[in-house]
Amino acid sequence: MNRLPAALESHLSADVTTHCFCWVIRRADGIIHGFTDHDQVLMIDGVACEPQTGLTASEATSALGLAVDSAEVEGALSSLSITEKDVEAGAFDNASVETFLVNWTAPDQRILLRRSRIGTVTRSGSHFVAELKSSAVDLDKVKGRRITRLCGAQLGDARCGYRGGAQKGTIVRVISDRALVVSGLHAHDVNWFCNGLLTWQSGRSTVVIGHQQSAEGIRLDLRDGPVPDMQTGDAFSLLPGCDKSFATCKVKFANAANFRGFPHLPGNDAAYNYADGTGNFDGGALVS
492 MNRLPAALES HLSADVTTHC FCWVIRRADG IIHGFTDHDQ VLMIDGVACE
542 PQTGLTASEA TSALGLAVDS AEVEGALSSL SITEKDVEAG AFDNASVETF
592 LVNWTAPDQR ILLRRSRIGT VTRSGSHFVA ELKSSAVDLD KVKGRRITRL
642 CGAQLGDARC GYRGGAQKGT IVRVISDRAL VVSGLHAHDV NWFCNGLLTW
692 QSGRSTVVIG HQQSAEGIRL DLRDGPVPDM QTGDAFSLLP GCDKSFATCK
742 VKFANAANFR GFPHLPGNDA AYNYADGTGN FDGGALVS
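Below you can see the structure in the form of structure tokens.
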């Protein structure tokens with residue numbers, strides 16, 4: 492529970508108040524942004540909060556317990572410090588956001604209402620909405636191994652053991668913000684790169700949802716877009732696609748010995764087969 496400073500509490504209990512909200516955004520790359528819904532610059536912990544940026548916040552809820560508190564902050568790309576390129580490049584992903592209630596006539600009278608992290612960022616034209624999540628979201632992260640039929644490793648990591656590596660490619664032609672023709676890749680079959688992870692030289696990654704051979708090279712369809720500044724000649728690396736099933740690990744990668752799932756674990760389908768009498772329960776393997 493936040494305890495109001497005495498001066499701020501006295502001010503808020505008066506008949507007329509002069510308070511506003513300020514947001515301090517601290518990105519993972521060390522860049523700090525400050526914004527306020529007041530009409531003048533306010534200094535918060537040495538950060539200049541820009542006025543009239545079009546930034547507004549939804550109602551925020553807080554509750555006892557381990558539930559994840561959430562809110563949203565939205566606005567226009569009107570500030571010179573927030574560019575469309577940075578938003579699309581994911582520069583604000585997982586950035587921390589500090590929300591302050593401030594008496595704008597005396598900025599020292601303020602209180603930190605909440606500290607959140609930016610989750611999903613969506614945009615339409617010059618308008619964006621950023622989802623804010625409390626620190627309780629860390630409690631939802633999976634720790635350790637889970638007993639599932641699918642593999643729990645990432646393709647190519649130490650637990651997976653696949654040594655095929657990523658292939659290097661170059662853009663030949665940009666079809667749209669989610670489709671491009673590339674060269675330099677060798678596909679072993681028609682579905683080789685489906686679900687594969689494509690990583691640009693900037694470090695940003697996306698998933699390939701489809702590919703097909705063309706006269707110019709290989710066409711790749713991307714799950715996420717638009718990709719900022721995607722141009723002919725840009726280089727990238729691409730891992731083959733893996734759906735984490737035992738069949739794919741065995742047939743596509745010949746890596747069944749390193750499979751990190753539990754493919755022989757009976758599921759609900761096995762229980763239903765037992766009920767209707769169509770299943771074969773002779774003690775043999777359920778997955779070959």
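Numbers in the numbering used here are just positions in the sequence shown, counted from 1, shifted up by 491.
Backbone N, C-alpha and C define an ideal beta-carbon position, used for all residues, glycine too.
Among the options, nearest to residue i - alpha-carbon criterion
i, options, result
"residue 638", "755, 703, 574", "755"
"residue 663", "726, 692, 621, 684", "726"
"residue 596", "646, 670, 510, 611", "510"
"residue 657", "647, 531, 665", "647"
"residue 623", "600, 661, 612, 667", "612"
"residue 666", "507, 721, 659", "721"
"residue 609", "625, 713, 601, 602", "625"
"residue 688", "712, 521, 527, 652", "712"
"residue 645", "583, 678, 710, 731", "731"
"residue 581", "540, 541, 520, 599", "520"
"residue 708", "661, 527, 634", "661"
"residue 530", "542, 500, 672, 636", "542"
"residue 746", "636, 497, 653", "653"
"residue 512", "632, 535, 500, 729", "535"
"residue 673", "696, 630, 723, 636", "723"
"residue 679", "742, 668, 714", "742"
"residue 710", "750, 748, 669", "669"
"residue 642", "740, 599, 604", "740"
"residue 537", "715, 501, 598", "598"
"residue 602", "749, 500, 733", "500"
"residue 577", "705, 528, 524", "524"
"residue 705", "503, 632, 671", "671"
"residue 495", "583, 749, 604, 733", "604"
"residue 693", "522, 579, 540, 503", "579"
"residue 749", "757, 759, 738, 758", "738"
"residue 629", "585, 508, 659", "585"
Paired residues, beta bridge with residue i - DSSP
i, result
"residue 511", "593"
"residue 688", "698"
"residue 607", "588"
"residue 601", "593"
"residue 517", "523, 587"
Enclosing alpha helix (DSSP H) for residue i [first to last residue]
i, result
"residue 740", "737-742"
"residue 501", "497-503"
"residue 576", "575-579"
Cβ-Cβ separation, residue j to residue i (assumed contact under 8 Å), whole Å
i, j, result
"residue 752", "residue 640", "6 Å"
"residue 533", "residue 593", "6 Å"
"residue 690", "residue 728", "5 Å"
"residue 498", "residue 600", "5 Å"
"residue 583", "residue 539", "Rounded, the Cβ-Cβ distance is 18 Å, inconsistent with contact."
The beta strand (DSSP E) enclosing residue i, as first and last residue numbers
i, result
"residue 712", "709-713"
"residue 659", "658-667"
"residue 538", "538-540"
"residue 698", "696-704"
"residue 673", "670-674"
"residue 491", "There is no way to answer for residue 491, as the model of the chain reaches only from 492 to 779."
"residue 726", "726-729"
"residue 527", "523-527"
Within-9 Å CB hit, residue i to chain D
i, result
"residue 573", "The structure shown contains no chain D; it is built from a single protein chain."
Q | At least three beta-carbon pairs within less than 8 Å, the segment 514-529 to the segment 589-599 | A | yes
Q: Decide yes or no for the touch test of the segment 700-718 against the segment 667-684: beta carbon pairs closer than 8 Å, at least 3 of them.
A: yes
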